[in-house]
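For what it's worth, full-length UniProt numbering labels the leading residue of the sequence shown as 1, then goes sequentially.
Each residue gets a CB set at the ideal place from its N, CA and C atoms; glycine is no exception.
Before any comments, here is the structure.
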Amino acid sequence: MHHYQIRPFSSHVLRTPLLPLSFYTKIMEKEAVISVFEQLQDSLVHEALQLASPELILLVEKYWENPQSLSNKKTTALAYSVLKYCARMASRCTPFGLFAGCTVGEKGQTTNIVMDHKELFQRHTQLDMQFWIALLQELVKQEEVRNTLSYKPNTSLYEVGSFYRYVEYRYQGTKRQHSIAALRKTDLLTLVYQKSRQGITIEALIELLADDASERDDAKDFVNQLIDFQFLVSDLDGALTTKNEWDRINAILARVPNFEKETTFFQRLKRQIESLDFGLVPKPTAYTAIKNVLTEARVTFDKKYLFQTDLTTAASVNTLHPKLHRQTLEALTFLNGIQKNTKDIH
């Protein structure tokens, strides 16, 4: 029987909403519906809501242009939608866009937390993971790219009886759907699996499978089918969209002959996305410029699922008394003690 001991770190993560609770209570003190829309005159509140729901911002802007275009009932419903987001950015500490963020604190002699001014907060914007993977998938469809890449077995692959099973995904429009795929084991498939575990190119696989020149076309078709079925995945497949991810993709695309146009597109896109993070609120034209670049490249995208933004907050003082660590450990010990013993069914 294993005995586990939980110990606290010397540091902690503090999650806080973007705005204080007083921001929300002041709105509620006013009875006029228009007071809700007035909050969006604050550029930071407007930016936070635009990242969360660009469609809602469009409706509000249409209302501003012509308030008489909406009935009283629809105006009230729109105000309540905005109010819900205002409540979230002043009360919920779950990180989501600019609504809430994190910072790191230390153990101290007292519990003392004083948040810094919002000008010291930092944002990090990247392409939405779903969109990023779909964009890279389109590149892999191009033969000159596909032939340059290195391939490995799908990371979710496992063996069940006489089958290889793994998770594959397809796009229905802009939505990603996952399913379990299965391929029956054969000597040929097992050979591909074993030889590709360290990474292998299409040409190397063809050389492995074809005994002579007459079999090369069949071998190539077989390998391409395994790639299309996602049994094999390339090193171009999206990872977490960090700053290093851009460098990784550019390094891969640099190996593709005569691919300067596409490489330039990615470099330009990277620079424009990085420009969003020069401050908490970017220039009004910044998002439009990025969407124009994507449109010019004939890339399909959903405005609602295009960007992912994380917020790093800042505190001038951020310490917790050791007593809070002990109380947390006592609570965890209690919860573990009342938990029923269950057998591992996996």
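Residue range of the beta strand (DSSP E) that includes residue i
i, result
"Tyr-305", "No beta strand (DSSP E) contains Tyr-305, which DSSP labels as neither H nor E."
"residue 359", "The structure shown does not extend to residue 359, since the chain is modelled only from 1 to 346, so the question has no answer here."
"Phe-123", "Residue identity differs from the one stated: residue 123 is Arg in this sequence, not Phe. That run of the beta strand (DSSP E) goes 122-127."
"Thr-103", "100-107"
"Ile-338", "It is not in any beta strand (DSSP E) - Ile-338 carries neither H nor E in the DSSP assignment."
"Ile-113", "112-115"
"Thr-319", "315-320"
"Val-233", "232-234"
Residue i vs residue j beta-carbon contact at 8 Å
i, j, result
"Phe-163", "Lys-195", "no"
"Thr-111", "Thr-328", "no"
"Ser-209", "Leu-188", "The sequence shown places Leu at residue 209, not Ser. Yes, they are a contact pair."
"Leu-226", "Val-192", "yes"
"His-145", "Val-256", "Correcting the residue type first, residue 145 is Val in the shown sequence and not His. Cβ distance < 8 Å, so Val-145 and Val-256 count as in contact."
"Asn-154", "Val-233", "yes"
"Ala-134", "Tyr-171", "yes"
"Leu-311", "Phe-121", "yes"
"Lys-270", "Trp-246", "yes"
"Val-114", "Ala-314", "no"
"Gly-199", "Lys-152", "yes"
"Phe-266", "Ile-249", "yes"
"Leu-19", "Met-129", "no"
"Glu-168", "Ala-181", "yes"
"Phe-131", "Leu-306", "yes"
"Ser-275", "Pro-284", "no"
"Ile-27", "Gln-39", "yes"
"Ile-34", "Leu-332", "no"
"Leu-70", "Thr-309", "no"
"Glu-203", "Asn-244", "no"
Residue span of the alpha helix (DSSP H) that contains residue i, given as start and end
i, result
"Glu-29", "21-29"
"Arg-298", "Careful: Arg-298 lies outside any alpha helix (DSSP H) and carries neither H nor E."
"Ala-219", "216-228"
"Leu-269", "260-275"
"Phe-37", "34-38"
CB-CB length for residue i against residue j, believed under 8 Å
i, j, result
"Ala-77", "Tyr-24", "19 Å between Cβ atoms; not a contact."
"Leu-51", "Tyr-85", "Their Cβ separation, rounded to whole angstroms, is 11 Å, which puts Leu-51 and Tyr-85 out of contact at 8 Å."
"Ala-100", "Thr-16", "6 Å"
"Leu-44", "Leu-280", "6 Å"
"Pro-54", "Lys-304", "6 Å"
"Tyr-166", "Phe-231", "7 Å"
Q.
When you compare the segment 122-130 with the segment 62-75, are there three or more beta-carbon pairs, one atom per stretch, that lie closer than 8 Å?
A. The segment 122-130 is not in contact with the segment 62-75.
(Q) Could you tell me which whole beta strand (DSSP E) segments of length 3 or greater appear in the segment 48-97? (A) As far as the segment 48-97 is concerned, it has no whole beta strand (DSSP E) run of at least 3 residues.
Q.
Which complete alpha helix (DSSP H) runs does the segment 138-204 hold, if anything under 4 residues is left out?
A. Scanning the segment 138-204 for uninterrupted alpha helix (DSSP H) segments of 4 residues or longer gives 143-146, 187-195, listed from N- to C-terminal end.
Q. Can at least three beta-carbon pairs, one atom from the segment 10-21 and one from the segment 98-114, be found at a separation below 8 Å?
A. Remark: three or more beta-carbon pairs, one from each stretch, lie closer than 8 Å, so the segment 10-21 and the segment 98-114 are flagged as touching.
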